[in-house]
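Chains as they are written, first to last, in our numbering: chain A, 7 to 336; chain B, 2 to 276; chain C, -11 to 398. Just so it is clear, CB atoms sit at the ideal spot from N, CA and C, and this is done for glycine as well.
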Amino acid sequence: MADAPSSISSRKGVPAAQAPGNPVRDVRGPIKRLYSSVRDGRGFDIVLVAFPLGFLFLMAGLPLLYNVLMSFQEVDMFSLGTLMRPFVGLKNYRDLFAQPETLPILANTAIFVAGSIAGQFLIGFGLALFFWVNFPGASWLRGLFLVSWVMPGLVVGAIWNWILSGDFGVLNFVLREGGVISGNIFWRSDPNYSLYAVILANIWLGTAFNMILLSVGLSAIPADLYEAAELDGANAWQRFWTITLPMMRSTIGAIIALGLIFTLQQFDLFAAITSGGPNNSSNVTQYWAWEQSFRQYDFAKGATISVLMIIFVMIASVVYVRSTRHEVRG
Amino acid sequence: MTETNRNRLMLLIALVMAAIYLFPLYWMYITALKSGSEMFATPPTFWPSVPQWSTYAFVWESRGMGRYLWNSLVIASGAVVLITVLGVGCAYVLARYRNGWVDVGLFLILMLQVLPASLMITPIFVGFSQLGMLDYPRLAVIIAIAAKSMPFFVVLVRATFMAVPMELEEAALVDGNSRVGAFFHIVLPLARNGILVSAILIFMQAFGEFVYSKSIIQDIELQPASVGLNSFMGPNTNEWNNIMAYATIYVTPILAIFVLLQRRIVSGLTSGAIK
Amino acid sequence: MGIRKYAVIGALALAGVSLFGLSARAEDVKLTLWSLDRNIQPAPNLVAEFNKLNNGIHIEYRQIQFDDVVSEAMRAYSTGQAPDIIAIDNPEHALFSSRGAFLDLTDMISKSTVIKPENYFPGPLKSVEWDGRYYGVPKATNTIALYYNKDMFKAKGLDPSKPPQTWDELVDAARKLTDPAANVYGLAFSAKANEEGTFQFLPWAQMGGGSYENINAEGAVKALEIWKKIIDEKLASPDTLTRGQWDSTGTFNSGNAAMAISGPWELDRMTQEAKFDWGVTLLPVPKEGAERSSAMGDFNWAIFASSKHPEEAFKALEFFASQDDKMFKNYGQLPARSDISIPETGQPLKDAALKVFLEQLKYAKPRGPHPEWPKISKAIQDAIQAALTGQASPKDALDQAAEKIKAVLG
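Have a look at this one:
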């Protein structure tokens, strides 16, 4: 960090930020230079970033690499404690794609992710817009919608399992009384519905998260933009498309990227509602990977599936990072 | 339509939507009060014929819930403190610059939380056992949760810092503040609300954390409420009323606090107070 | 460290013991024990009783969930954190003993005056064996039979003293008993895609002349066809595919199913909850006079090879075995012992059921033992689910399963 005090150069892209308050001080000794850099220069930024990233690398990065490594090895349940296991090249990947259930499960994952995100986002956006209109009680009621966020996944799974039950489930009862269906739908046991049962529960769970972040995003849009547009005669629909959506771009990007990651991590609901069944009709990669590891004790296969998921998330991360390019600094 | 009528209509719609959305929660409360046979009755009853209030006392006593909730509180608080200390600075820096390194940092942070806890637990357990961390199981869980939830926290708090006008920090620097001083005296107070919201969201998540606690904390005295709930939810159960009573006791306090707090937080955010 | 200090510790320990009866003394050998039993089941109670003996050994108990037993044990063992004693499901015993993770108890058993192999039922005993050596002690045993609601039999004009004896009679009775208007299914069982599904299906396959090595035998295909008929005609709830045995039998107890296939672990709950007259009969066979068969369930005790106190751990197992005679009365579970006559409980329904289960137990066959049992079991579960959801015919599904199992067996 010898070139530490060059904090000016680090301000690229923020022209207004240049120069003031950063007199060059590298005439002092190296220790002092380091200290002053940490206190007052780029070193401050580096310290702030280095600790968390180091921590994350240790606690999340290494376990991730452990999984990637396992996907190229022959793993035995009793060799979990070591890293030195026989390498088998791409054999695990070839085996995986030779299995007949692989493609349907990947397709299920895509449906689950797309369906969950679309549902959560649209309902969340709708609610956020609705509560954006300030009416008495709006903030209280909005608060109530956030409770699904507070609920532990385990509890949500138990409740939905109970609601979706075919013979005693209250959902079937409501639909029957409402004349929507004539016979019970076996949400958990009918291969045509099982995946959608979990999606339904997941939408319920994730809507709160979408709504609060979108609310925050909406509140950050300057009101004068709307006033100006109204003066120009733009109707509500036009204002939504020309102001709200463009101004929300970075928020939306973040929410969809995070939503994708959360959706891919959704595990409790599958465990509680369908266990991926019947006949894998509601199985998705994250549950399947766990099943391979902890039901079949085929840890290498489980790790291989998790590598596929990493690729999925890479795409999401790129989307997120790109979305931040449109951010407007306040 | 007059203003009052519009407000009334909005309120009505909001109430109906809330009623639909909160139905699962209602069902949890109501199932907890039902008797064994009423739970399975068809058609289901929407109000228990004879509310079994004693279920709560029974579950609280028989499951030793006081201890479980205390452990949940300790773990969630610890995780929030650790995440906040590590995450705020990281989010600040990532919001301050706009270059390739920031892109890489954000990308890495997102990538690192790709796998569900159920797949991360094996390597984490192996690592902790090698470091001897398993002797301090609650601390180990706090660290594991922190690693799991920090990326989310960073992304949220970064958005908050983006809303803090750069000019204010520049002005502070012109006035002779150091970077450290400007950060603590100007930027941090302005981002306070956003950090608070994010910390609360993290707290809620950590309060319900299950997978790590289950595997790492083997001593029943130190286990959190989620593990306690799971211990009577296994395949051999249909005590749905007891499970729901447990869930009710588990989530109600946190729910109440949250509903009370959120009003301040959300109104603080939406009124543009941080602008 | 002087004698006085010991004396003080000893006095304190004595005071503690007399106060709480359970607290460990400083010099006690500490053992850890993992099991899935909850407080109304044997393990934690046996541990508490054992600790009360104050024989210089103190056991710490940890409850784990059924689904987590193997993965927790495996992870703990491979990182040197394994407990001393564990209760493990019998089909998974070989997974550990074949790899030397469990301690070979053969020599200790041969010297023991309490645990004698000849006192155990052959099925459970076989599940703790590997290569002719004993790697554990059966903890309890169970099997499945047919529960039926006598009141419903009467209401539908069936003779409650003549429950169905063959598969055709079972389907017939189920048809007569099913009453959608009253929310009653004829039968409740479990075809869940986990070990429970395998556990419920294997007896049928075995009665039809099949086995896990020969899962596509003609009789096994016939069995799966009958299951499919029961599901397709809605004689059992479609949720049978995702519901475990305990939940399924819950619907029988609440009067929403007229018959249920399940085990003796249900007895205590049923005696409490079922508000009707019920009985138990042997599992129906393919046709009259056909060979009977059943599944053998329940857990075994084992000591991990990594235990630092194998002698003490074995002493604990000896104590547990010495309490086997009280198992049915206190916990409603069946000891895996042929030398114990179980005393009457004084509850007529429970005692009558016990007789049927003891008879059924004679035909119980263990699953495996095979170190890769989970893979075999998965193939069977997949076949059941594929057939019952209509994605493959029973024959094709079982042919496919046989293929997969052959690959595992080598």
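Neighbour-count burial assignment, residue i, 16 or more Cβ in a 10 Å radius
i        : result
B/Leu261 : exposed
A/Trp243 : exposed
B/Phe233 : buried
B/Tyr27  : exposed
C/Gly356 : buried
A/Met90  : exposed
C/Pro71  : buried
C/His358 : buried
A/Ile261 : buried
C/Pro226 : buried
C/Ile73  : buried
B/Pro44  : exposed
C/His81  : buried
C/Leu255 : buried
C/Ser329 : exposed
B/Val89  : buried
C/Ser310 : exposed
Residue-chain proximity (residue i, chain A), Cβ-Cβ < 8 Å
i         : result
B/Leu132  : no
B/Ser227  : yes
C/Arg26   : no
C/Asn171  : yes
C/Gln379  : yes
C/Gln188  : no
C/Gly(-2) : Its pLDDT being 48, under 50, C/Gly(-2) is placed unreliably by the model, and the measurement read from it follows with that caveat. Not an interface residue.
C/Leu229  : yes
B/Thr85   : no
8 Å Cβ cutoff, residue i in contact with chain C
i        : result
B/Val165 : no
B/Thr123 : yes
B/Ile255 : no
A/Arg48  : no
A/Phe300 : yes
A/Thr291 : no
A/Tyr199 : no
B/Val212 : no
A/Asn114 : no
B/Val127 : yes
Cβ-heavy atom distance, residue i to the ligand MN, below 7 Å
i        : result
C/Glu391 : This structure lacks the ligand MN; in fact it carries no ligand of any kind.
Any C-beta of chain B under 8 Å from that of residue i
i        : result
A/Leu170 : no
A/Asp3   : Outside the shown range of chain A, which is 7 to 336, sits residue 3 of chain A, and nothing can be said about it.
A/Gly159 : yes
A/Asn73  : yes
C/Gly174 : no
C/Thr259 : no
C/Gln69  : yes
A/Pro142 : yes
A/Pro29  : Caution applies to A/Pro29, whose pLDDT of 47 falls short of 50 and renders its modelled position unreliable; the value that the coordinates give is listed next. No, A/Pro29 lies away from the interface with chain B (no Cβ there is under 8 Å from its Cβ).
CB contact below 8 Å: residue i versus chain E
i        : result
C/Pro226 : Checking the listed chains, one finds no chain E in this structure; the protein chains it contains are A, B and C.
query: What runs of the alpha helix (DSSP H), each 4 residues or longer, lie entirely inside the region 235 to 301 of chain A?
result: 242 to 245, 255 to 271, 274 to 279 and 291 to 300
Complete alpha helix (DSSP H) runs within the region 41 to 71 of chain C (minimum length 4 residues, chain order)
57 to 66
(Q) I want to know whether the region 156 to 171 of chain B touches the region 123 to 141 of chain B - three or more CB-CB distances under 8 Å. (A) no
>> So if I threshold CB-CB distances at 9 Å, which residues from the region 44 to 63 of chain C count as touching chain B?
In response: Glu48, Tyr49, Arg50, Gln51, Ile52, Gln53, Phe54, Asp55, Asp56, Ser59, Glu60 and Arg63
Query raised in the report: Can you list, in chain order, the residues of the region 340 to 360 of chain C whose Cβ is nearer than 7 Å to any Cβ on chain B?
Result: none
Handout entry: Positions along the region 178 to 203 of chain B whose CB lies within less than 9 Å of some CB in chain A
Key = Asn178, Ser179, Arg180, Val181, Gly182, Ala183, Phe184, Gly195, Val198 and Leu202
Chain C contacts made by the region 173 to 196 of chain A, where a contact means CB separation under 7 Å: Asp173, Phe192, Arg194, Ser195 and Asp196
Exercise for the section: May I have a chain-ordered list of the beta strand (DSSP E) segments no shorter than 3 residues that lie completely inside the region 96 to 184 of chain A? Expected result: none
When you check each C-beta in the region 69 to 103 of chain A against every C-beta of chain B, which residues fall closer than 7 Å?
Pro69, Leu70, Tyr72, Asn73, Leu86 and Gly87
*Inspect the CB distances between the region 85 to 104 of chain C and the region 317 to 325 of chain C and report whether three or more fall short of 8 Å.*
no
Q. Curious, which full-length beta strand (DSSP E) runs of at least 3 residues does the region 78 to 146 of chain C contain?
A. 133 to 137
Review point. In the region 17 to 41 of chain C, which residue ranges form an unbroken alpha helix (DSSP H) of at least 4 residues, counting only runs that do not cross its ends?
Key: 30 to 40
How do the region 284 to 292 of chain A and the region 365 to 376 of chain C stand: do at least 3 beta-carbon pairs fall below 8 Å, yes or no? yes
Checklist entry - In chain order, which alpha helix (DSSP H) runs of at least 4 residues are fully inside the region 204 to 284 of chain C? => result 206 to 220, 233 to 241 and 255 to 261
*asked:* Three or more C-beta pairs under 8 Å: does that hold for the region 231 to 238 of chain A against the region 169 to 179 of chain A?
replied: no
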